[in-house]
Structures are given as C-alpha cells and as structure tokens.
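Residues -20 to -1, 1 to 670, numbered by mature numbering (1 follows the signal peptide of the UniProt record, and there is no 0), are exactly what the sequence shown covers, in order. Just so you know, even glycine gets a beta-carbon here, dropped at the ideal spot from N, CA and C. This report refers to the structure that appears directly beneath it.
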Amino acid sequence: MNRYLLSALTLSLIAGYAGAADQAAAPAPVSANAAGAKMVSGIATEYIEPSVRAQDDFFTHLNGKWLANTEIPADKSSWGSFAKLRDDVQPQLRAIIEGAANAPSKTAGSDAQRIGDFYASFMDEARLEQLGLTPLNGELAKVAALSDKKQIPALIARFNQLGFGAPYSYGVHQDNKDSTKYVADLYQDGLGLPDRDYYLKKDDAKMADALAKYQLHVAKMLTLAGDANAAASAKAIVALETELAKIQWSKVELRDPVKAYNKVDVAKLGELTPGYDWAAYLKDTGVAGKVGYVIVSQPSYFKGFNEVLAATPLDSWKAYFQWQAIRASAPYLSKAFVEENFAFYGTVLSGVTEMRPRWKRGVSVTEGALGESVGKLYVEAHFPAERKARMEALVKNLLASYKTSIDKLDWMSPVTKKQAQAKLAKFTTKIAYPNHWRDYSKLEVSKDDLLGNVLRSHQFDYNKELNKLGKPIDREEWGMTPQTVNAYYNPEMNEIVFPASILQAPFFDANADDAVNYGAIGGVIGHEISHGFDDQGAQYDGDGNLRDWWTKSDHKNFEKKTKMLVKQYGEFSPLPGYKVNGELTLGENIADNSGVAIAYKAYKLSLKGKPAPVIDGLTGDQRFFMGFAQVWRMKMREPQQIVQIKTDPHSPGQFRANGTMRNQPGFYSAFGVKEGDKMYLAPKDRVIMW
C-alpha cells in the first residue's frame, strides 16, 4: 500500500478538525518544505487501522496494522520506533568498527587501533573457547583469599572499579547543594535481579517463578566455574540478596532528591555503620584525601547492610562475590558462560528466544567502551550539518514557547514565575555531538584479551570520574554518545542534550512538513525542557542547586495536578494483574504531557496565523499529534514488560501516546473527540500542566 494513501473510512473519521492558530509572533519553519521542497506528511499511514476510531484508542488507530502484522524480532525483547532506529544504526557502526579492525596498518595507540583491536578481541571466539574461565581467575582468586569480613570493604572497592556488582557503589557528580564542585555519592546496589520486588513479592507467581529460575541459573553458572557445591552456594547467594532487597529503598523512594541528599563527614561514616572499615574502602577507591564529606543516598540501607554483613557467614559472602564477578564477566567468556547468561537474562527475564548476532554484540561492547571515538567517526560519516541547524531552530522555538507559557501558568505564583524564567534563561542546550572529544590514549586495548579490555575500560571510566574530585565542573561533558538514540535533561547542569542519532525519522524527518516534526522531535525537546519543572527537576534552581524556590501555594497547586496524573496513569494496565506505577512514572508523564503541550504551541506559532496544508488527507493538527504518537509505536514481550513496570520511570508506549492525548485540548478539536468516546476526559479531569 502507498504509505500516504488513506481509506475513505479513515478520512471520514479524522479529517476536517483543524484547531485555531495562535496569533502571537511566529518562530521560523524548520522542515524541508520551508525551502520549497515537496511536502510529505511524515505519517506512516499504511499502519492506520480504520476499524479502530482515533477517538477511542488513538495509539491502536494509528499503529493498528503495524501491531497486527509485526513480529518482535527473535533477538529483541521489544520492537518499535526506538528499537528500529537503534537497530538501523548498528550496520553503520559495524562498518566504522570493522573498517578500523581491518585497516591494513594501524598506528599503535591510535583510536583506530583501539577500536579495531577491541572488536577483534570480541569476535575471536576460538581464543575465548581456549581460555574458558582463565581470564577471570585472578579476580576469583582474590575472592577465594578472603579470610575475614574486615577484608570486604577493600574487595568492594575493587569490584566498584571493575564494574562488578557489590552491595553498594559510589559515583561522582555535582554536589546537589553546591553545583560548583564534585562530590562522591554512596548508594545501594548489589542485586542480580532487576528490582527488589522479584525477591519480596511472594504472592506474584511470575516473579516467584523468576526468582526460582534465578537460583537455578546461579547454580549452573557456579557449576561451570567449578564450584562443587554450586546448589548450596546458589541458595546462600539468593538468601543474601533477599536480605539486601529487604532493606533497599523502592524505586519511588529513590526519586526524591531531598531525601537522598545526606551529607556525612568522612570521619563520621563509622557512626552510620559501627565497625565497618570505611578508611580501607575510601583508600582503595582512591577517594581518601580528595573529599571531606560524601553523600550517603540511602542511610537506612547502609545501616541495614552493616547488620546483614555481621549476620551472614563469610562463606556466603565469598559465594556472593564470586557470583557477582562471574555474572558481570559472563558475556566475555567462553560459549558455555555466554549461553547460560543469555538463557536467564535474555530468555527468562526478557522473553528473548534468540541471541543477537555476534557482530551486533561486538559493536555494542566496542562502542560502549570507546563511545566518543566511535561517535566521532559516526558523525563524520552519517550526520549532515544542516540537521543540527534545524534542530537548533526547533529548540529555540520550544524555549520561546516555554518562556511565554510560564507567565500564563495557573498553578505558579508571580514570584515563582520570575524564578522559573530565570532558570529557563540559564538552560544549556547540547545538540548532536560534543565540542571536545574524549581522549582514550591511556586506555590499553589488546586484540587477544577481551575480558581484560572490558575490565580496563571500566577502570578507565572509573579513573575519569575519580579524577574529577577537587577540580572545576566540566560543563562540556556529555552523558551520552552521538550514536545513542535518546535524549536527556540533567538538573545538576540544567542542560538538555540531544545526540545525533535521535535526529532521524520518525523523530526528525527532514523531508516532512513541520507538523510531524513539531509533534515528534518537538515533543521530545519539550519533554526534556519540562524535566526542569517536573516534580524532581523543579527542586533544582537554574544553577543546578537543590533548593526550594517555590511558594507553599505553588506546591499545593502543583501537587493537586500531579495527584490527578498519578491516578490517571495508575489505572492503565499493559498486562493482566499489572498496572502502571503512577508515582514511579510521574516525572516522565509530566514531561510527556508538558512537552506535547509546548510543542503544539510552538507549532501553531510557526504557522504565522496561516492555515496548515492538508497532506494525505490529514490536517496540520492531526499530523502533529500523530507525529508524537507514532514515536511510541512498540510491542514488548511479557517478561520484559514486567521488568519495565517494576523498574522503568517511563510508562509503556501505548500509554505515553493515549495518556498524553487525553489531556491535550488541541487533540480533542483535531479529532472531534466528544463525551462518550473512550479517549474523552471531562475538562475538570484533564491535567493541563502548561
């Protein structure tokens, strides 16, 4: 079917409901049609299911034929717009990486040498079979040598550096209450399953089954590693992790930055965990002498950990640490370890039936370790310069819409609006790729030492973070690589970041009319900006400091709206017996609703009071909302859906589309939604954030 051809039934349902144009000053156009090129809608009309009304289920109406006819690839836990775009980038990265690997001559210590040799080490299966567990023996020997629990702090310090799981970890970031300096942050960690609920929800049959299979998996992996008492060791490991799960904070509790900011002088850490050798830990992490205090994110967890440490036999701890080392290293060992690791984490937890081709896994681990080296080559080969200029225009338009909208908010007082404007004015925008590329010259890479390469990469990243302590804030740093299909807002930097790879269709279609781009990438931009004013981001000021700049009435008005949003999304159920956690997903739901609202205003301004063209039988407003909804086109395997519900702050795709639309007045006018339609919410029940 021609992708721009609609059936008569679909046209009768959705055509003819253009909303009124905003008459304020208009931003510049951003799509190719601005230069006179032929306009296309950018909407995948071949996926529209005319038997499902847009007014009843917008997500299924727009994506129904795709949902009915698309199988999730055997090597994927989910599939959709995001996953496909990420998958489309893989062959491009493969060509870059294999080009480096196969280069006839590579200068020792060059980016090409590191990229090529890292990839070659992963692809040399024959050598990995020959080595078996040998590459990990040195680390396992350190665990076996434990003779006293007093040695555990030093071991945890090493595990933190190598990327192995441990009961707690530490990270370096800006001090939330003094954004001019870096600080070390201690936080809970150490479970082999995605969330504490897998250990504690005994009344959930699916989670109980996953826990039972996890214990069997641990036993199998330990058997492969030569543990003659693998079954008993696995039982002890699961029992220990269950005790850690009991004292961990929930994902909802972890969202509270004020509760998680607990400044503790290094000299007083012992008061939190009497008898625990923090001096040994801080010395071996390299933190000692660099800071006078640390942030303890979950004090009650650390108190509980100290008690679990005392109550658990040393042999159980040794088994636990051996398991954590094996679990982290399994993808880089011989076939038996790789396949058993996939059997549990791929199939049991995610529902995937087929492992990704080895080259894809090789690309992932190589660009994961050498992200900006690969990213530099990726940008040179695949990112047109004009795309960045168009993105800059879009961001400018969205920021302008936020500036105008702040003064019209019904839930924010005048004094707070003034501070909100000050914060907005301090936003930093990063688009496509960093101004300065990371230097990997000190990372040693060998083409015949895969696990060594991985562990040295972790150590290299660790040292990079450690060396920030005591130094000025690096405001040029990126938290994602250019080839990452994603975007983010960092409240500590008060910055929005959009890597190059997300600036492609269906997020940004250079050949399409403005409407779809404002709905898709415009919605993403608006989403990220709004994080500066959601229930978490709004607790930071324009300089990235955690402080309350709202009045009591602002908090009360905002809480009223957010409670309504929690209730709305908490009623959505992607699977029988499982509902979306409205509190866990609150920030992202605020961002989706706010982002679309602001992007819609920016789109209307871009029309300069003129009517939008009708393309493919769709009005501009219809294409705008469809542009947002088709971004969330996706299917997910049931086990992975459970993982998402329990751990992901984002709602499932269908609810990001439908849940957001129900709160947008423009959607109602665009599609003629009225009382009695399933997408309808009474005006009093709609949450209008912006």
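Nearest CA to the CA of residue i: which residue from the options?
i    : options                : result
T542 : D665, P337, A299, A205 : D665
P471 : G79, G567, A192, W612  : G567
W297 : A214, R176, K243       : A214
Q548 : H535, K532, T565, L555 : T565
M392 : W529, S85, T640, T627  : W529
I578 : G639, P645, V560, L431 : P645
T114 : A240, V623, L430       : L430
V218 : Y194, A185, G557       : Y194
T253 : A121, E287, K243       : E287
K129 : S553, P632, A291       : A291
D419 : M606, V359, V560, K444 : K444
E347 : F324, A268, V434, Y325 : V434
Y558 : M606, P632, T640, N321 : P632
Taking the straight line between their C-alpha atoms, what separation do you get for residue i and residue j?
i    : j    : result
Q3   : V465 : With a pLDDT of only 29 at Q3, under the threshold of 50, the placement of this residue in the model should not be trusted; the figure read from the coordinates follows. Each residue's Cα considered, the two are about 35 Å apart.
T87  : S353 : 15 Å
H362 : Q484 : 11 Å
N43  : A310 : 38 Å
D104 : S90  : 21 Å
L116 : P462 : 32 Å
D208 : L446 : Correcting the residue type first, residue 208 is Ala in the shown sequence and not Asp. About 39 Å.
A637 : S649 : 17 Å
T599 : P591 : 9 Å
Y660 : F604 : 19 Å
L108 : E119 : 17 Å
A373 : V20  : 20 Å
M616 : G550 : 19 Å
H416 : K356 : 10 Å
L404 : Y498 : 20 Å
P629 : Q110 : 42 Å
G266 : Q93  : 30 Å
R176 : T222 : 8 Å
M187 : Y300 : 21 Å
H153 : Y162 : 5 Å
A199 : T327 : 17 Å
I501 : Y27  : 20 Å
Q131 : R338 : 38 Å
A8   : L379 : Since pLDDT at A8 reaches only 47, below the 50 mark, its modelled position is unreliable, and the value read off the structure follows with that caveat. Looking at the two C-alpha atoms, the distance is approximately 13 Å.
E508 : K406 : 14 Å
L180 : L173 : 11 Å
Does the beta-carbon of residue i have 16 or more other beta-carbons within 10 angstroms, so that it is buried, or is it exposed?
i    : result
D165 : buried
N49  : exposed
P414 : buried
A402 : exposed
V395 : exposed
A1   : Confidence is the limiting factor: at A1 the pLDDT is only 29, short of 50, which leaves the residue's position unreliable, though a coordinate-based value still follows. It is buried - the Cβ of A1 has at least 16 other Cβ atoms within 10 Å.
T160 : exposed
S57  : buried
L555 : exposed
A12  : The predicted position of A12 is uncertain, since its pLDDT is 47 and thus under 50; no value can be drawn from it.
N573 : buried
A125 : exposed
M669 : buried
V238 : exposed
T408 : exposed
Verify whether the separation of the beta carbon atoms of residue i and residue j is less than 7 Å.
i    : j    : result
I95  : A83  : no
A60  : D489 : Note that residue 60 is Gly in the sequence shown here, rather than Ala. The answer is no: Cβ separation not under 7 Å.
P619 : S330 : yes
H511 : Y580 : no
D494 : I595 : no
F608 : V653 : no
Q634 : F62  : no
G112 : S426 : no
L545 : N569 : yes
I411 : K376 : no
I306 : M371 : no
D55  : A134 : no
G450 : K270 : yes
Q610 : P452 : no
At a Cβ threshold of 7 Å, is residue i touching chain B?
i    : result
L111 : As a matter of chain content, chain B is missing from the structure shown, which is built from one protein chain.
**Validate contact between the stretch 336 to 349 and the stretch 70 to 79 using beta carbons, cut 8 Å, 3 pairs** = Taking 8 Å as the limit for Cβ pairs, the verdict is that the stretch 70 to 79 does touch the stretch 336 to 349.
**Contact between the stretch 220 to 230 and the stretch 276 to 295 (3+ Cβ pairs under 8 Å)** = Touching, yes, given that three or more Cβ pairs across the two stretches are closer than 8 Å.
**Message:** Would you call the stretch 142 to 158 in contact with the stretch 425 to 442, where contact means no fewer than 3 C-beta pairs closer than 8 Å?
**Reply:** Result yes; three or more Cβ-Cβ pairs closer than 8 Å.
**Prompt:** Quick one: any contact between the stretch 289 to 296 and the stretch 210 to 224, if contact means 3 or more CB pairs under 8 Å?
**Reply:** With contact defined as three or more Cβ pairs closer than 8 Å, the stretch 289 to 296 and the stretch 210 to 224 are in contact.
**Cβ contact check for the stretch 517 to 524 and the stretch 474 to 484: 3 or more pairs under 8 Å** = Proximity of the stretch 517 to 524 to the stretch 474 to 484 meets the contact definition, three or more beta-carbon pairs being nearer than 8 Å.
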